[in-house]
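Visitor: Structure incoming, see below.
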Amino acid sequence: MNKGKLLDARPYVEKKILELKERVKALPYIPKLIIIRVGNDPASERYIRNKVKKCEEVGIIPRIVHLSENIGYEELERLLHNFNKSKFNDGILLQLPLPKHLDERKLVNCISPEKDVDGFTDENLGKLMSRQDGIVSCTPRGIVELLDYYEIPIAGKDVLIINRSNIVGKPLAQLFLKRDATVTIAHSKTKNIRNRFGEYDIIVTAIGNANCFTADDFGANQTIIDVSINFDENGKMCGDIKKSDYEELMEWDCNITPVPFGVGQTTVMALLENVIEVVEKRYKDWGYL
Ligand code: GUN
């Protein structure tokens, strides 16, 4: 039997950064991204640090706006409207989760769809569903890019996505449909899903439960995408799939994305590409590029 591959994002990221750097150089001005952080969630701090570092590597200027945990809805709404109107940024990212007293959905929808580089607004999600051009959310976009990089076919495949969120499961299902896959979405109320893994060619897990799946849960010749970033009892980063079982899965000709160095990294690449595309689109529309 053939051996499966570890779908390490690092070679993809290296190549992508070179490509994005060139695209930034070809733009008439340097793209700018506003990153809004509300409160002090430590995971958000880590994600934002990584986004800032990668922005700087490709030549995008990031600006972090760090707001108090206690900011009110109206004040944040006003700020977002001001950023929408400002010429001094090209993309706006509202880091989630927000503190509990703030309505996340309503605030995300205050961002202008043209600057919504996360692709989270109802307008961009709707465009993806109806196959119009819009901004595609970063985790789904990054996953499909990584599969393409490793030349893993999507058309005609049976895909299982264990996540139904607006930022992962639902947009990812749309992207896979667009690429002619047959998609099933599973969630916490789905019956016996663990016993049915064998029916699928591609399985995406974004449950957020450290090491909850082992090699025994999967069949042969599957591609397994682990989206979750969890921390085990020793504080070590891990996904939903037990790392010590990667070798066994690959012996069964399964491909697997590692945690770390998997989907987390491709998500950031998709964000940078979304920011660059906002500027490219503006200049193309005006006939300059
Ligand atoms: N929180 C966790 N992942 C993300 C992301 O991709 N974008 C935003 N805005 N918040 C997040």
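Heads up, the final residue of the sequence shown is numbered 1450 in my numbering, and it's a clean run with no missing numbers. Note that beta-carbon positions come from the ideal geometry of N, C-alpha and C, so glycine has one too. On a predicted model such as this, the values are computed, not experimentally measured, just so you know.
1) Do Thr1343 and Val1320 have their C-beta atoms closer together than 9 Å?
2) Return yes when at least one heavy atom of the ligand GUN lies under 8 Å from the C-beta of Thr1300, else no.
3) Report, in whole angstroms, the separation of the C-beta atoms of Trp1413 and Ala1381, which I expect to be a contact under 8 Å.
4) For a quick check, are the C-beta atoms of Glu1230 and Val1269 less than 9 Å apart?
5) Helix, strand or coil: which one does DSSP assign to His1242?
6) Could you say which of Asp1387, Val1440 and Gly1425 lies nearest to Asn1416 if we only look at CA atoms?
7) Would you call the segment 1248-1259 and the segment 1271-1282 in contact, with 3 or more CB pairs under 8 Å?
8) Which term fits Met1162, buried or exposed, when burial requires 16 or more other beta carbons within 10 angstroms of its beta carbon?
9) Do Glu1394 and Ala1371 have their CB atoms nearer than 9 Å?
10) Taking its Cβ as the centre, do 16 or more other Cβ atoms sit within 10 Å of Asn1324, making it buried, or is it exposed?
11) Going by DSSP, what residues sit across from Lys1193 in a beta bridge?
12) For Asn1416, does the three-state DSSP call read helix, strand or coil?
13) Should Ser1389 be listed as close to the ligand GUN, given that the test is whether its C-beta is under 8 Å from any heavy atom?
14) What do you reckon, are the CB atoms on Asn1201 and Val1297 nearer than 9 Å?
15) As an exercise, report each continuous alpha helix (DSSP H) stretch of at least 4 residues that is fully enclosed by the segment 1379-1419, in chain order.
16) Quick check on DSSP: helix, strand or coil for Ala1347?
17) Which residue marks the beginning of the beta strand (DSSP E) containing Thr1366, and which one marks its end?
Guide: For this structure:
1) Translated into the one-based positions of the sequence shown, residue 1343 becomes position 182. Translated into the one-based positions of the sequence shown, residue 1320 becomes position 159. Yes.
2) Within the sequence shown, residue 1300 is the residue found at index 139, counting from 1. Relative to the ligand GUN, Thr1300 has its C-beta within less than 8 Å of a heavy atom.
3) What you label residue 1413 is simply residue 252 of the sequence shown in a count that begins at 1. What you label residue 1381 is simply residue 220 of the sequence shown in a count that begins at 1. Sure, about 4 Å apart at Cβ, within 8 Å.
4) The residue labelled residue 1230 in the question sits at position 69 within the sequence shown. The residue labelled residue 1269 in the question sits at position 108 within the sequence shown. Glu1230 is not a Cβ neighbour of Val1269, given a cutoff of 9 Å.
5) As a working note, residue 1242 is residue 81 in the sequence shown. In this structure, His1242 counts as helix in the three-state DSSP scheme.
6) Residue 1416 sits at position 255 when you count from the first residue of the sequence shown. Nearest of Asp1387, Val1440 and Gly1425 to Asn1416, Cα basis: Asp1387.
7) Verdict: yes, contact present.
8) Taking the sequence shown and counting its residues from 1, the one referred to as residue 1162 is at position 1. Exposed, because fewer than 16 other Cβ atoms sit within 10 Å of the Cβ of Met1162.
9) Taking the first residue of the sequence shown as 1, we reach residue 1394 at position 233. Taking the first residue of the sequence shown as 1, we reach residue 1371 at position 210. When the beta-carbon positions are compared, Glu1394 and Ala1371 come within less than 9 Å of each other.
10) By one-based count along the sequence shown, residue 1324 stands at place 163. Counting Cβ neighbours within 10 Å, Asn1324 comes out buried, since at least 16 surround it.
11) The count along the sequence shown starts at 1 and reaches residue 1193 at position 32. Lys1193 is bridged to Ile1222.
12) Position 255 of the sequence shown, counted from the first residue, corresponds to residue 1416. Correct three-state label for Asn1416: strand.
13) Within the sequence shown, numbered from 1, the residue matching residue 1389 stands at position 228. No; taking the cut-off as 8 Å, the Cβ of Ser1389 has no heavy atom of the ligand GUN nearer than that.
14) Within the sequence shown, residue 1201 is the residue found at index 40, counting from 1. Within the sequence shown, residue 1297 is the residue found at index 136, counting from 1. Going by C-beta atoms, Asn1201 is not nearer than 9 Å to Val1297.
15) Taken in chain order, the unbroken stretches of alpha helix (DSSP H) that lie wholly in the segment 1379-1419 and span 4 residues or more are 1407-1412.
16) For the purposes of this step, residue 1347 is taken as residue 186 along the sequence shown, with counting starting at 1. In the structure shown, Ala1347 sits in a strand (DSSP, three-state: E or B).
17) Translated into the one-based positions of the sequence shown, residue 1366 becomes position 205. Start and end: Ile1363 to Thr1366.
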